[in-house]
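There are 2 protein chains.
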Amino acid sequence: MLQKFTETARPEQGPPRLAALRAQFDAARIDGVIVPRTDAHQGEYVAPRDDRLAWLTGFTGSAGYCVALRDAAGVFVDGRYRVQVKSQVADVFTPVDWPETGLAAWISDKLPDGGVVGIDPWLFSVDQMRSLRADLTGVSLRFTENLVDRIWQDQPAPPMGTVFAQDVALAGEPHGDKIDRLARDLGASSCVITLPDSIAWLLNIRGSDIAHNPVPHGFALLNADGTVELFMADEKLADLGDHLGDRVSVLPPEGFLAAIATLQGPVRIDPATCPVAVADALQGVEIVEAPDPCLLPKACKNEAELAGARAAHLRDGAAMVRFLAWLDAQPAGSYTEIDVVERLEAERRATNALRDISFETISGAGSNGAIVHYRVTERTNRQVNAGELLLVDSGGQYVDGTTDITRTIAIGQPGDEEREAFTRVLKGMIALSRLRFPAGLAGRDIDVLARAALWEVGLDYGHGTGHGVGAYLSVHEGPARIARTGTVPFAPGMILSNEPGFYREGAYGIRIENLIAVEHASPVAGQTVPAMYRFETLTWVPIDRRLIVPDLLTAQERDWLNAYHGDVLARIGDLVDGSVAGWLHAACAPL
Amino acid sequence: MLQKFTETARPEQGPPRLAALRAQFDAARIDGVIVPRTDAHQGEYVAPRDDRLAWLTGFTGSAGYCVALRDAAGVFVDGRYRVQVKSQVADVFTPVDWPETGLAAWISDKLPDGGVVGIDPWLFSVDQMRSLRADLTGVSLRFTENLVDRIWQDQPAPPMGTVFAQDVALAGEPHGDKIDRLARDLGASSCVITLPDSIAWLLNIRGSDIAHNPVPHGFALLNADGTVELFMADEKLADLGDHLGDRVSVLPPEGFLAAIATLQGPVRIDPATCPVAVADALQGVEIVEAPDPCLLPKACKNEAELAGARAAHLRDGAAMVRFLAWLDAQPAGSYTEIDVVERLEAERRATNALRDISFETISGAGSNGAIVHYRVTERTNRQVNAGELLLVDSGGQYVDGTTDITRTIAIGQPGDEEREAFTRVLKGMIALSRLRFPAGLAGRDIDVLARAALWEVGLDYGHGTGHGVGAYLSVHEGPARIARTGTVPFAPGMILSNEPGFYREGAYGIRIENLIAVEHASPVAGQTVPAMYRFETLTWVPIDRRLIVPDLLTAQERDWLNAYHGDVLARIGDLVDGSVAGWLHAACAPL
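Here's what the structure looks like:
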């Protein structure tokens, strides 16, 4: 199993570790320390070595901070984790609602004027430190070595996952060409790249340093002369042969700071993700602040990447269909949430193409489905019973593409309330699927379309409608998103999720998610808008018809759904047989 | 007639005036001058005295600039006026597409380094001057007296329109209370108020200095101690009696700059609208930059203002219905666009309550309807013929409210293309009318709902979907709007227009406009969103059923339209009789 169901941290480990951490304060001349979840690469997943927040506090969420002072220790978690944190940390830790309460406000309130808080400058981006500094009153920051690392006796070593070349037939563009086109518009002599998926995309490599994201840890300097210095442990690159070529030099990661300290500049950094430690090493050099130059071209998939995504989605769709057919054949109450995860992973493995799951599967029955980022563990695991909804959000990493799909399934006879809510979520999902829109719009301009049918009856969902998805890279990538915070204009080739939902706390959760790709819309007769886009659907898996109230759909929405199911049958029908094919036929029948 | 159809400026007047202006450059030590359309109060309408741009160039649009250099003169106009400007200015003037080409870029390109451009600091806001200065390269700005005023021999005097008290029963709040609540949160010792409608709202007064906006010209200082100094010509206030009370002192407008120069500060100004001349007079004083404190409370109408708006809309709706019934009885080809304007104004006058029209009526038949801000003149006037669409956008100023309504009417048998486009515009207008949405959203979050049905067939419109509307004040007011640029969250009491459209250049124009007011939406069963808003419809006038393709409407849209027409009949039916009542019944029949 790629997914584990054990809880890695226990609350009772927290108090002695917190005490050990506090014992470092005097020598470090600080009154407190901030321990973030993130590593030096600002990703969603971290290596075991970097999972300092969980090791210290017990809290295992994917985002958060601990602020440990001498006589208080806050664990800052967002809305997704406010229930979870309570069962994971001992009472020496105080859960704090973040970002409603900011780190700086909390610290300024607790520490007297003149207080000093330590941070590891590798774990904070330039922007994060600036906003922290601006918001702190009477308290200053001091850069320290990592104090958790100092007390963590059996801290795992840095990951040394093998790095592989990504075939240019799948990447669609030789990495030399990528380097050339980015180097041309660099606006600086060199550019620091610290995001692992940017480096992986730029050099057409993939790695295995962290779970579910096929990226290697490392840093890179992209130079205006079309060369790259890659700071990455040599032993990870043994299988790579001469893939990187002459223009890419490999250097030991320990030498990264010393190397950038010798740069003449101007040096380009992305303040949103560049560690303070890096910016600090560039003192005296002219710095150009601009977004990581890989972000936008990485988001805009080329034809080869889109072809790969389509192929991956057919393969993954067939695995999902086999899973759903199996699920429907099980008597309600005869299996658990973990059984669901295991069966689904087994179906994906059976494709013989699965490299990893793209994130930990969310399998939530009944009220667990209402916990938006629920991850089942042996402790929370429960039977899936008749009359419940089962929400399954999952994805696969294949060499040709990354998938991410959510289906909500009726177990037994669904209630009327659930069916109405499901249908309204579906209306929103269809509204985006059907949309044609002028070039130039961003996510915030269209997000409302996924919500209006829910608003009509006083419902909404507390997350964005869609995130970018990588090409055999991170399942969550920027810079575009479908959300009120989405300000980057859509561009052809961007792959995004379309995943409205609704969650009735303590009762049930609903989410329907397809991946979609931005494409040019062919002009229609009489069109006056110069350039329009639409979304190509990538995901082909039936949507549970038992949960749809047909009368709530407009004729156009019903037509879309029937056409979608017709396409599912046409594309997936040949990939399954026997009882699965029969199940698929029934699941795709017109409404 | 409140509306005139003569063209006030002739192209041949431009060249000698431009020559006379250039003859001032040496004495003023400048190489050019910027002449804006706006006056010191940044409004849409200006007094004849301030109509310098039209006097100099012949261009009569409501926004624009002339930049006169020694050997070039650009007239900068936006998309609304690019056809019109060509027929209005002589060829010594070069029309420039603005804002695509910025003033600063054009000037920097034309003037050698070291060039100096003069501006009248009363006619530029602090923000405008900052952005001009930031964008100019190698060219500096010099403040001058107004050079157009110096050569304009028969320039009209400043307007001396009578000022009236607005009855507190209509205003809903004594002006002393308004002063008190604003003074409490001023964040400064004094606040400079330069917007006439802000002053009118704050002091519950109305004026008659400019056309169509019932506001007096003047400036005010609102002080944290709850006093106001009003800089306004005494002779305009003769009819006001003791309305203003002890806490408002009236001072001569000529003394305004000298008075603010004595302030100790901190002084609050709104950089978006405060003239540079005012900010300049405050040198050495601490300045607090913040929005005009009247903007938001003025936009959020109280119960009395909303009651007034409802009454004004019933009265105005009955006038519109009489006009539409008359129109339908006329043989196509027997009347002109001007006849339409005159008849509609006559119907509004017949209410015996009309104070003014709220803007110059747009009456555009056939291809003239596609000119978004078309104003018919004797030169452009034409017959309204069978087979055409007639677009009529108009409004009235009543003592209890300001109206703004657009209806598009089929003259004879409409074409299929026009009917489909009309129906799609209607779908957008209904989408906003039906919307329930969470508190906290702004115009940019919902604008897409008015456009999606047009986008579906490649159509769109090049203007915002809605603007704020005053309470017997300006028909265009901030700060909220329904548009991609609308970032101010909606709040209860805001009156906005809902006016999607479609324009086929050279052929026809369509727009449907109702006014709507933001209100709390009562919670529905099962609602999870804590606070929701909806829009109360204020406008009650039939929408032309001959232009609707019923099959393009969803059941919900059809239900909305039928319910709307039912409400129109219920509200307006008793206000009309005879043949008009018969017409109204037919116009409100269910689809």
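Line by line, the protein sequences give chains A and B. All you need for my numbering is the position in the first sequence, starting with 1, plus 2. All you need for my numbering is the position in the second sequence, starting with 1, plus 2. C-beta atoms are modelled at their ideal positions from N, C-alpha and C, and glycine is treated no differently.
Residue environment, residue i, which counts as buried when at least 16 other CB atoms sit within 10 Å
i	result
A:Gly414	exposed
A:Arg234	A small fix is needed here, since residue 234 of chain A is Met in this sequence, not Arg. So A:Met234 ends up on the buried side.
A:Asp182	exposed
A:Gln399	buried
A:Gln155	exposed
B:Pro552	exposed
B:Ala367	buried
A:Lys626	No information on residue 626 of chain A is available, as it lies outside the stretch 3 to 593 that chain A covers here.
B:Leu593	exposed
A:Glu256	exposed
B:Met3	exposed
B:His522	exposed
B:Gly189	exposed
B:Pro333	exposed
B:Ser336	exposed
B:Gly442	exposed
B:Gln86	buried
B:Arg132	exposed
B:Gln285	exposed
Residue i: first and last residue of the uninterrupted beta strand (DSSP E) it sits in
i	result
A:Arg438	Arg438 to Pro440
B:Ser142	Val141 to Phe145
A:Asp395	Glu390 to Ser396
A:Met534	Met534 to Thr539
B:Leu498	Ile497 to Asn500
B:Gly480	Glu479 to Ile484
A:Leu223	Phe221 to Asn225
A:Pro38	Gly34 to Pro38
B:Ser251	Val250 to Leu253
A:Arg513	Tyr510 to Arg513
A:Gly445	Not the beta strand (DSSP E): A:Gly445 falls in the alpha helix (DSSP H), residues Gly445 to Ile448.
B:Val323	Looking at the DSSP string, B:Val323 is not in any beta strand (DSSP E); the run it does join, the alpha helix (DSSP H), is Glu305 to Ala331.
Residue i: first and last residue of the uninterrupted alpha helix (DSSP H) it sits in
i	result
A:Tyr566	Ala557 to Ile574
B:Val471	Run containing B:Val471: none; DSSP gives neither H nor E here.
B:Val358	Just to set this straight, residue 358 of chain B is Asp in the shown sequence, not Val. Premise fails: B:Asp358 lies in the beta strand (DSSP E), Leu356 to Ile359, not in any alpha helix (DSSP H).
A:Gly340	Note that residue 340 of chain A corresponds to Ile in the displayed sequence, not to Gly. It spans Glu339 to Arg351 - the alpha helix (DSSP H) in which A:Ile340 sits, taken as one unbroken run.
B:Gly243	Element bounds for B:Gly243: n/a, residue is neither H nor E.
A:Thr10	Run containing A:Thr10: none; DSSP gives neither H nor E here.
A:Ser581	Gly580 to Ala589
Short-range partners of chain A found in the region 447 to 474 of chain B, where Cβ spacing is below 9 Å: Asp447, Ile448, Asp449, Val450, Leu451, Arg453, Ala454, Leu456, Trp457, Glu458, Val459, Gly460, Leu461 and Asp462
Contacting positions in the region 526 to 548 of chain A - beta carbon closer than 9 Å to chain B: Val526, Ala527, Gly528, Gln529, Thr530, Val531 and Met534
Cβ contact (3+ pairs, closer than 8 Å) linking the region 566 to 577 of chain A and the region 518 to 538 of chain A: no
Contact residues within the region 93 to 107 of chain B, judged by C-beta distance below 8 Å to chain A: none
Residues, ordered as in the chain, of the region 414 to 429 of chain B that lie near chain A by beta-carbon distance below 8 Å: Glu419
Beta strand (DSSP E) runs contained entirely in the region 83 to 129 of chain A, provided each spans 3 or more residues: 96 to 99 and 117 to 121
contact_flag[the region 9 to 19 of chain B, the region 576 to 592 of chain A] where n(CB pairs < 8 Å) is 3 or more: Put simply, the region 9 to 19 of chain B does not touch the region 576 to 592 of chain A. Fewer than three CB pairs are less than 8 Å apart.
Residues from the region 431 to 447 of chain A in contact with chain B, defined by Cβ distance under 9 Å: Ala433, Arg436, Leu437, Arg438, Phe439, Pro440, Leu443, Arg446 and Asp447
Contained alpha helix (DSSP H) runs [length at least 4] in the region 145 to 200 of chain A, N- to C-terminal order: 149 to 153, 170 to 173 and 177 to 186
Cβ pair count under 8 Å reaching 3, the region 149 to 165 of chain B against the region 289 to 309 of chain B: Verdict: no, contact absent.
Under 8 Å (Cβ pairs) to chain B, residues found in the region 344 to 357 of chain A: Considering only beta carbons, no part of the region 344 to 357 of chain A lies closer than 8 Å to chain B.
Three-pair Cβ contact test at 8 Å for the region 97 to 115 of chain A versus the region 271 to 285 of chain A: no
The region 547 to 570 of chain B: positions lying closer than 7 Å to chain A by Cβ: Cβ contacts with chain A: Thr556.
Given 8 Å, three or more beta-carbon pairs between the region 136 to 151 of chain A and the region 167 to 177 of chain A: no
Cβ-based contacts, 7 Å cut-off: residues of the region 484 to 499 of chain B near chain A: Arg486
Contact between the region 68 to 83 of chain A and the region 235 to 248 of chain A (3+ Cβ pairs under 8 Å): No contact exists between the region 68 to 83 of chain A and the region 235 to 248 of chain A.
Segments assigned alpha helix (DSSP H), at least 4 residues, entirely inside the region 41 to 88 of chain A: 54 to 59
Contact the region 546 to 565 of chain B vs the region 471 to 482 of chain A: 3+ CB pairs below 8 Å: no
Unbroken stretches of the alpha helix (DSSP H), 4 residues or longer, contained in the region 249 to 292 of chain B: 258 to 263 and 278 to 283
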